[in-house]
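Trainee: Heads up: the protein sequence lines correspond to chains H and F, in order.
In this text, residue positions in the first sequence follow this note's numbering: the first is 1, and each later residue adds one.
In this text, residue positions in the second sequence follow this note's numbering: the first is 1001, and each later residue adds one.
Number of protein chains: 2
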Amino acid sequence: MAVDLYHGEPGSNSLKVLQAIHEKGVPFTSHYINLTKFEQHDPEYLRINPAGQVPTLVHDGRVLVESTVINEYIDDAFPGPPLKPADPYDQGLMRIWTKYVDEVFRPSLSFLAWHAVIPGLAGAMPEGAFEERLARIPLKEKRDKWALAASGGFTERELESWRHNLAEVTDRVEQALTGHNWLVADRFTLADIAVFAMAISMPRSHGHLWNAERTPHAMAWLERMKARPGVAAALAMPNHTSFARAEG
Amino acid sequence: MAVDLYHGEPGSNSLKVLQAIHEKGVPFTSHYINLTKFEQHDPEYLRINPAGQVPTLVHDGRVLVESTVINEYIDDAFPGPPLKPADPYDQGLMRIWTKYVDEVFRPSLSFLAWHAVIPGLAGAMPEGAFEERLARIPLKEKRDKWALAASGGFTERELESWRHNLAEVTDRVEQALTGHNWLVADRFTLADIAVFAMAISMPRSHGHLWNAERTPHAMAWLERMKARPGVAAALAMPNHTSFARAEG
Chain H
1 MAVDLYHGEP GSNSLKVLQA IHEKGVPFTS HYINLTKFEQ HDPEYLRINP
51 AGQVPTLVHD GRVLVESTVI NEYIDDAFPG PPLKPADPYD QGLMRIWTKY
101 VDEVFRPSLS FLAWHAVIPG LAGAMPEGAF EERLARIPLK EKRDKWALAA
151 SGGFTERELE SWRHNLAEVT DRVEQALTGH NWLVADRFTL ADIAVFAMAI
201 SMPRSHGHLW NAERTPHAMA WLERMKARPG VAAALAMPNH TSFARAEG
Chain F
1001 MAVDLYHGEP GSNSLKVLQA IHEKGVPFTS HYINLTKFEQ HDPEYLRINP
1051 AGQVPTLVHD GRVLVESTVI NEYIDDAFPG PPLKPADPYD QGLMRIWTKY
1101 VDEVFRPSLS FLAWHAVIPG LAGAMPEGAF EERLARIPLK EKRDKWALAA
1151 SGGFTERELE SWRHNLAEVT DRVEQALTGH NWLVADRFTL ADIAVFAMAI
1201 SMPRSHGHLW NAERTPHAMA WLERMKARPG VAAALAMPNH TSFARAEG
């Protein structure tokens, strides 16, 4: 049984899958894809995942993409503690969370981060270098978004909508955790994993929303998550972004 | 066992769930929500689904929303022919399709339809009537999108991106069905159900993409889908939109 996981830093969608695979106790080979070097667009990686995105799971030669889909697969295909509630209805409530992360939480967070970071990143690169990297992005939609972010071209309407979404996510998480230790069915599930992968950055990146006064239950849950051995192991995976930040 | 389904016309997300429940043979009570009369925003319905969207499933008093989540639940919670492949990996491939419909196919199709239809709809209503209906939409994001669509305010970049997505979906479906009767694992699954719910309108609304010359396999699959008794039963549900169109 060979399990290969291609992933970036323990953040966002890579962290989602790293948490699941560690919590489940699945032995795997880690392949670190350095996103700051755009290795996700290297021809070698594109042969595995033509969309040029992380993470990718390869299990006995079968390739699976999309972190939410991979996490359900990890839970279904391997022994170890179940990461879904037993009841189909509770599974439904869990999937509403994982879907909400994919459709609302992650994109809002990502686009706002791009808006804040990419113009400076592109400006700091030698002339033509950013364009050269852009041209290597296989998905037109992603290529367009990066070009737009670099030019500071997101509209005020888009930015306002994403900020609104982050406030809504925050309230929803805080409310779900009031009187509960976990998001669904009083147990740790893929819902906690998915929300945590994005929420871990919120106190730093959007501290006016996530803080001890405004969201005490969400803040306590972040600590509860970090204390889980599987989650802690995922967070301990190589993080060159933080390393670079610490150096810089 | 009481199963109540609140749904609109047999199209889009309502058709998704109607197909699953009929294919599965689950006895249910149909509650038709007239979207052209904005009944999804009636206080009575908002008590069941505060987001004011269709469909909603209520099973023995437990409320479930989000058509993709509902369809997995229908398959898991009731007897009848399984609507998922048996193998977890094939289930993953199936979920990549249902996710792609939610994140790419349906929004692209919906926004282009809104862009084409809503300005005329809003313009044809008595002064203030459209604004009055807008004010009843509970989700700010939806409210903003409707207002924007009515004012013809989608950007050329957005329209171009949605058109690009529809072409990409079309190619992906045609390719998946070349040499195969169904989208995943050579059997009818929730992937076919999800794609069909949107694709059924493509030959009429985007005939330059979906037609006998360009997408022969996708066109044959549409007919194969319509011939299934469960799908046919779903399509035979009340459709006041078509009725209104036939009258008009």
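Even for Gly, the Cβ is constructed at its ideal location relative to N, Cα and C.
If contacts are defined as beta-carbon pairs under 8 Å, then residue 3 of chain H and residue 41 of chain H qualify, I think. What distance do you get, rounded to the angstrom?
Mentor: That pair is no contact at about 24 Å.
Trainee: Give the DSSP-derived three-state secondary structure of residue 240 of chain H in the structure shown.
Mentor: In this structure, residue 240 of chain H counts as helix in the three-state DSSP scheme.
Trainee: Please compile the residues from chain B whose C-beta is within a distance smaller than 9 Å of the C-beta of residue 64 of chain H.
Mentor: Looking at the structure shown, chain B is missing, and the protein chains on hand are H and F.
Trainee: Label residue 1024 of chain F either buried or exposed according to how many other C-beta atoms from any shown protein chain fall within 10 Å of its C-beta, with 16 as the threshold for buried.
Mentor: Flag for residue 1024 of chain F reads buried.
Trainee: Against residue 1164 of chain F, what residues of chain H qualify as contacts under a CB-to-CB distance less than 8 Å, listed in chain order?
Mentor: What residue 1164 of chain F touches in chain H: 140, 141.
Trainee: Looking at the unbroken alpha helix (DSSP H) that takes in residue 195 of chain H, where does it start and where does it end?
Mentor: Its alpha helix (DSSP H) spans residues 190 to 199.
Trainee: Give me whichever residues DSSP pairs with residue 1059 of chain F in a beta bridge.
Mentor: DSSP, once it has assigned bridges, lists F:1003, F:1062 as partnering residue 1059 of chain F.
Trainee: Would the beta-carbon of residue 1010 of chain F fall within 8 Å of that of residue 1199 of chain F?
Mentor: Not a contact, by the Cβ cut-off of 8 Å.
Trainee: Closest by CA to residue 1035 of chain F, which one among F:1020, F:1019, F:1012, F:1026?
Mentor: Comparing Cα-Cα distances from residue 1035 of chain F to each of F:1020, F:1019, F:1012, F:1026, the minimum goes to F:1012.
Trainee: For residue 1192 of chain F, does the count of other Cβ atoms within 10 angstroms reach 16, so buried, or fall short, so exposed?
Mentor: Buried is the call here.
Trainee: Figure out for me which residue from H:209, H:184, H:240 has the closest Cα to the Cα of residue 84 of chain H.
Mentor: When each option's Cα is compared against that of residue 84 of chain H, the closest is H:184.
Trainee: CA-CA distance, residue 1243 of chain F and residue 1051 of chain F?
Mentor: Caution is warranted here: a pLDDT of 46 is assigned to residue 1243 of chain F, below 50, making its placement in the model unreliable, and no coordinate value can be reported.
Trainee: Quick check: the Cα distance between residue 1160 of chain F and residue 1112 of chain F, rounded to an integer number of angstroms?
Mentor: Roughly 10 Å separates the two Cα atoms.
Trainee: Using a C-beta cutoff of 8 Å, does residue 173 of chain H count as contacting chain F?
Mentor: Closer than 8 Å: no.
Trainee: Please classify residue 1175 of chain F as buried or exposed, where buried requires at least 16 neighbouring CB atoms within 10 angstroms.
Mentor: Counting Cβ neighbours within 10 Å, residue 1175 of chain F comes out exposed, since fewer than 16 surround it.
Trainee: Apply the 10 Å Cβ neighbour rule to residue 1047 of chain F and answer buried if 16 or more other Cβ atoms are within range, or exposed otherwise.
Mentor: Exposed, since its Cβ has fewer than 16 Cβ neighbours within 10 Å.
Trainee: Going by beta carbon distance, what residues of the same chain come within less than 8 Å of residue 1211 of chain F, once the five residues before and after it are set aside?
Mentor: Cβ within range, chain order: 1203, 1219.
Trainee: Under DSSP, the alpha helix (DSSP H) around residue 1170 of chain F begins and ends at which residues?
Mentor: Its alpha helix (DSSP H) spans residues 1156 to 1177.
Trainee: Tell me the residue span of the beta strand (DSSP E) that contains residue 151 of chain H.
Mentor: Note, residue 151 of chain H: premise wrong, no beta strand (DSSP E); not H, not E.
Trainee: When DSSP labels each residue in this structure, what does residue 29 of chain H get in the three-state scheme?
Mentor: DSSP places residue 29 of chain H in strand when its eight states are reduced to three.
Trainee: Going by other Cβ atoms of all chains shown within 10 Å of its Cβ, with 16 needed for buried, is residue 1049 of chain F buried or exposed?
Mentor: Per the 10 Å Cβ criterion, buried.
Trainee: Count the other CB atoms, across all protein chains shown, that sit within 10 Å of the CB of residue 1106 of chain F; report buried if there are 16 or more and exposed otherwise.
Mentor: Residue 1106 of chain F is buried by the Cβ-count criterion.
Trainee: Around the Cβ of residue 117 of chain H, are there at least 16 other Cβ atoms within 10 angstroms (buried) or fewer (exposed)?
Mentor: Under this definition residue 117 of chain H is an exposed residue.
Trainee: Residue 1024 of chain F versus chain H: which residues are under 7 Å apart at the beta carbon?
Mentor: Simply none; closest approach about 13 Å.
Trainee: Would DSSP call residue 248 of chain H helix, strand or coil?
Mentor: At residue 248 of chain H, the pLDDT of 33 sits below 50, so the modelled position is not reliable; the number obtained from the coordinates is stated separately. Coil at residue 248 of chain H, not helix or strand.
Trainee: Once the 5 residues before and after residue 1230 of chain F are set aside, which same chain residues still bring their CB inside 7 Å of it?
Mentor: Hits under 7 Å: 1019, 1022, 1023.
Trainee: Would residue 1136 of chain F pass as a contact of residue 1038 of chain F if the rule is Cβ separation under 8 Å?
Mentor: In contact: residue 1136 of chain F and residue 1038 of chain F (Cβ atoms closer than 8 Å).
Trainee: Terminal residues of the continuous alpha helix (DSSP H) containing residue 72 of chain H?
Mentor: Where residue 72 of chain H is concerned, the enclosing alpha helix (DSSP H) stretches over 67 to 77.
Trainee: For residue 1187 of chain F, write down the residues that DSSP places opposite it in a beta bridge.
Mentor: Per DSSP, F:1184.
Trainee: Below 8 Å on the Cβ atoms is my guess for residue 1072 of chain F versus residue 92 of chain H; work out the distance and round it to an integer in Å.
Mentor: About 7 Å separates the two Cβ atoms, so the contact holds.
Trainee: Could you pull out every residue in the same chain whose Cβ sits closer than 8 Å to the Cβ of residue 944 of chain F, ignoring the five residues on either side in sequence?
Mentor: In the structure as shown, chain F starts at 1001 and stops at 1248, and residue 944 of chain F therefore has no counterpart that could be examined.
Trainee: Look up residue 1118 of chain F in the DSSP assignment and say whether it is helix, strand or coil.
Mentor: The answer is helix: DSSP assigns residue 1118 of chain F an H, G or I state.
Trainee: Give me the Cα-Cα distance between residue 1148 of chain F and residue 1120 of chain F, rounded to the nearest whole angstrom.
Mentor: Roughly 13 Å separates the two Cα atoms.
Trainee: Since residue 156 of chain H meets chain F, which of its residues come closer than 7 Å, beta carbon to beta carbon?
Mentor: What residue 156 of chain H touches in chain F: nothing, since even the nearest Cβ is about 12 Å away.
Trainee: Taking the alpha helix (DSSP H) that residue 1097 of chain F belongs to, which residues open and close that run?
Mentor: Counting along the chain, the alpha helix (DSSP H) containing residue 1097 of chain F begins and ends at 1088 to 1100.
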